[in-house]
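In what follows, a single structure is set out as structure tokens and then discussed.
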Amino acid sequence: MVYKLMKYVLLGPWLRLLFPCKVTGVEYIPAEGGVILAGNHISVADSFFTPLYIKRRVTYLAKSEYFTETGVKGALKKAFFSGMGQVPVDRNGASAARAALDTGIRLLKEGHILGIYPEGTRSPDAKLYKGKTGVARMALEANVPVVPVVMIGTDKVNPIGSKVWRPGRIKMIVGRPLDFSRYEGMAGDRFVERSMTDEIMYRLMELSGQQYVDKYAAKVKEDLAAGKAAGAADSAVARVEGRGPGTVTRLPGTKAG
Numbered sequence: 144m145v146y147k148l149m150k151y152v153l154l155g156p157w158l159r160l161l162f163p164c165k166v167t168g169v170e171y172i173p174a175e176g177g178v179i180l181a182g183n184h185i186s187v188a189d190s191f192f193t194p195l196y197i198k199r200r201v202t203y204l205a206k207s208e209y210f211t212e213t214g215v216k217g218a219l220k221k222a223f224f225s226g227m228g229q230v231p232v233d234r235n236g237a238s239a240a241r242a243a244l245d246t247g248i249r250l251l252k253e254g255h256i257l258g259i260y261p262e263g264t265r266s267p268d269a270k271l272y273k274g275k276t277g278v279a280r281m282a283l284e285a286n287v288p289v290v291p292v293v294m295i296g297t298d299k300v301n302p303i304g305s306k307v308w309r310p311g312r313i314k315m316i317v318g319r320p321l322d323f324s325r326y327e328g329m330a331g332d333r334f335v336e337r338s339m340t341d342e343i344m345y346r347l348m349e350l351s352g353q354q355y356v357d358k359y360a361a362k363v364k365e366d367l368a369a370g371k372a373a374g375a376a377d378s379a380v381a382r383v384e385g386r387g388p389g390t391v392t393r394l395p396g397t398k399a400g
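Under the numbering used here, read the sequence shown as residues 144 to 400, first letter to last.
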């Protein structure tokens, strides 16, 4: 009930009004049975707009932290994410990846549409990054089709770091289901799963027109964060040593000025 209320009454109509979306290819989504929607991920807004234009309910795996916060704010956040079709998974610990896979496979076998971002995290710069093989493992173990779907323009509506969304036009493209029947019974073969994942990412690249980078987005984010931290440390050292902007540096044996 909460999902329908948010989609058709409280939130959906406003999103449709403020952010007009051109949608193509929704007829490729099966009317019933488990399905993986494999998408690009350039904005937090992707998880809002994708379910809005698909008749069937779309479920996503979300961080368990969204559901465990205490107080009134925590209760509201839990109700919101639950109502939006999010299912909590613990992403901490050595067994976190397996637990997420098991949850996804269970949902697919129960006949749900599961939204997955193969990159594993939001792109830091709107480029398309290397996919993780979990999407392939789920498809093989649950024996379900993989339907590629891309969002275009959501990074302009909801740029990284922005607190307020900006009205604008977006586009959603759903591609034909990818046929992986040739790999039936081969779940667990890392070469097969990598081949499947690369095929999914190639299709997402074709549909979205994004530049592809053969690196994991999470590693790129780590490198960017490390670079910023190193830059901040260098700036702090420079200030302590008196080498900030406007500082005159004298060579030994010379006079300033």
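We put the CB at the ideal spot given by N, CA and C, even for glycine.
{"Item": "Neighbour-count burial assignment, Val307, 16 or more Cβ in a 10 Å radius", "Value": "exposed"}
{"Item": "Range covered by the alpha helix (DSSP H) that runs through Thr246", "Value": "239 to 252"}
{"Item": "Inter-residue Cα distance where the pair is Met149 and Gly258", "Value": "18 Å"}
{"Item": "Under 8 Å between C-beta atoms of Gly176 and Gly254", "Value": "yes"}
{"Item": "CB of Asn286 within 8 Å of CB of Ala188, strictly", "Value": "no"}
{"Item": "Where the beta strand (DSSP E) through Ile303 begins and ends", "Value": "Note, Ile303: premise wrong, no beta strand (DSSP E); not H, not E."}
{"Item": "Integer Cβ distance of Pro173 from Pro291, believed to fall under 8 Å", "Value": "Incorrect: roughly 14 Å between the Cβ atoms, too far for contact."}
{"Item": "Exposure of Gln354, with buried meaning 16 or more beta-carbon neighbours within 10 Å", "Value": "exposed"}
{"Item": "Coarse secondary structure for Gly258, derived from DSSP in three states", "Value": "strand"}
{"Item": "At least 3 beta-carbon pairs within less than 8 Å: the stretch 244 to 254 vs the stretch 343 to 351", "Value": "no"}
{"Item": "Reduced DSSP secondary structure (H/G/I, E/B, other) of Ile185", "Value": "coil"}
{"Item": "Alpha-carbon to alpha-carbon, Ser324 and Phe224", "Value": "34 Å"}
{"Item": "Check whether Glu342 and Leu321 have beta carbons under 8 Å apart", "Value": "yes"}
{"Item": "Start-end ranges of the beta strand (DSSP E) lying completely within the stretch 186 to 222, minimum 3 residues", "Value": "201 to 206"}
{"Item": "The stretch 266 to 277 contacting the stretch 357 to 367, beta-carbon criterion three pairs below 8 Å", "Value": "yes"}
{"Item": "For Lys165 and Lys198, the rounded distance between their alpha carbons", "Value": "16 Å"}
{"Item": "Whole-Å CB distance - Met294 paired with Ile179, under 8 Å assumed", "Value": "16 Å between Cβ atoms; not a contact."}
{"Item": "Nearest candidate by alpha-carbon position, reference Lys275, set Pro261, Leu283, Thr297", "Value": "Pro261"}
{"Item": "Close-in-space but distant-in-sequence residues of the same chain around Gly374 (CB under 8 Å, 5 per side omitted)", "Value": "none"}
{"Item": "CB contact flag (Thr193, Gly182, <8 Å)", "Value": "yes"}
{"Item": "Exposure of Ser190, with buried meaning 16 or more beta-carbon neighbours within 10 Å", "Value": "buried"}
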